[in-house]
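Those protein sequences? They're chains A and B, same order as listed. Going by my numbering, the first residue of the first sequence is number 107, and it counts up by one from there. Going by my numbering, the first residue of the second sequence is number 6, and it counts up by one from there. Cβ coordinates follow ideal geometry from the N, Cα and C atoms, glycine included.
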Amino acid sequence: EAGVAQSPRYKIIEKRQSVAFWCNPISGHATLYWYQQILGQGPKLLIQFQNNGVVDDSQLPKDRFSAERLKGVDSTLKIQPAKLEDSAVYLCASSSVREGLYGYTFGSGTRLTVV
Amino acid sequence: GDSVTQMEGPVTLSEEAFLTINCTYTATGYPSLFWYVQYPGEGLQLLLKATKADDKGSNKGFEATYRKETTSFHLEKGSVQVSDSAVYFCALSSLGKSTFGDGTTLTVKP
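And the structure:
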C-alpha cells in the first residue's frame, strides 16, 4: 500500500510571501489531517477533514492559513502571508474511519523555513 | 482538554540497555493510546497501540501497557539498539480527536 505523499519536502520563503503544500492520503482513507510540528514539540492539529468536509479547524489561524480537500482525496494547505513563527514541519496524516483503533499514517512532512 | 505528558529528554543509553519512557495522560471519554516513532527527516510512524485497560501493545521489542488506574502508558524495551535512536511520541485518541506529547529523544550509543 502506498503511503501518504507530501510535497515539497523543503521550502524556504521570505516573510509575507505565500506558500502551498500538497498531500495525497492513503487510498480509501476518509479522514485527512494537517498538523504543524514546531521543533522540539509534538504535532499540533491545524485542520481535520472527513471526505471533503471540515470536521475541526478550531486551531487553524484562519487569517493566514487555508486548506481545502475539494474531491475528498488530496488536499492543499496554504499560508498567506507567512510569518517567521510559521517555520515548522507541516505533516499530513490520514486514517480510516476507525482511527481510534488503528492510529494515523503520516507523510514525511514539508519543512518550511520563513526568513 | 485532553493532554499527554512525557518524560523530558534527551535520553542517552548504551546498546543493550533497558529503556523506559514514561507517559501519562488526561482525557475525557475512554481513549485509545499510541506510541509513535519519528526518525530524522521523516514523519511519525505508528509503533504500537492499546485500546482498552490492561491491553499490552507490542512491536519490534517495544511494549507498553494501558494502565487506567494510573492513567499511564509507559514505553519499555529490554535491550535497545543503535537503530532505535529516534524521537518517541506518546499520543491518545478520544472522541475523534488525537493529542500528542512533545516527544522524547532517544540516543543509543554503541
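Residue nearest to residue i in terms of C-alpha spacing, selected from the options
i	options	result
V125/A	P114/A, L197/A, S133/A and I132/A	P114/A
I26/B	S84/B, P115/B, G14/B and V87/B	G14/B
A58/B	S8/B, A69/B and V42/B	A69/B
E74/B	L18/B, G48/B, L49/B and T29/B	T29/B
G34/B	D7/B, V87/B and K114/B	D7/B
R175/A	Y116/A, L151/A and Y139/A	Y139/A
L49/B	Y210/A, T219/A, R217/A and L218/A	Y210/A
Y233/A	G46/B, P45/B and A55/B	Residue 233/A is absent from the model: chain A starts at 107 and stops at 221.
Residue interval of the beta strand (DSSP E) (run including residue i)
i	result
K81/B	The residue asked about is misnamed: residue 81/B is Glu in this sequence, not Lys. Segment L80 to K82, the beta strand (DSSP E) holding E81/B.
N64/B	K61 to N64
D162/A	G159 to D162
Y196/A	A194 to S201
K177/A	Note, K177/A: premise wrong, no beta strand (DSSP E); not H, not E.
G112/B	Correcting the residue identity first, residue 112/B is Thr in this sequence and not Gly. It spans T109 to K114 - the beta strand (DSSP E) in which T112/B sits, taken as one unbroken run.
K189/A	Note, K189/A: premise wrong, no beta strand (DSSP E); not H, not E.
T33/B	Element bounds for T33/B: n/a, residue is neither H nor E.
S99/B	A91 to S99
Exposure of residue i, with buried meaning 16 or more beta-carbon neighbours within 10 Å
i	result
T137/A	buried
A108/A	exposed
D89/B	buried
V160/A	exposed
I118/A	exposed
G83/B	exposed
Q143/A	buried
T17/B	exposed
V221/A	exposed
G196/A	This sequence places Tyr at residue 196/A; Gly is not what is there. Y196/A should be labelled buried.
F67/B	buried
Presumed contact (8 angstroms Cβ cut-off) between residue i and residue j, rounded CB distance
i	j	result
T104/B	V9/B	5 angstroms
L222/A	F127/A	The question about residue 222/A has no answer, for chain A in this structure spans 107 to 221.
L111/B	A32/B	Between A32/B and L111/B the Cβ distance is about 25 angstroms, and since that is not below 8 angstroms, they are no contact.
H135/A	S201/A	6 angstroms
C95/B	Q11/B	5 angstroms
Next on the checklist: With three or more beta-carbon pairs closer than 8 angstroms as the criterion, would you say the segment 63-79 of chain B touches the segment 32-48 of chain B?
Outcome noted: Cβ pair count under 8 angstroms is three or more, so yes.
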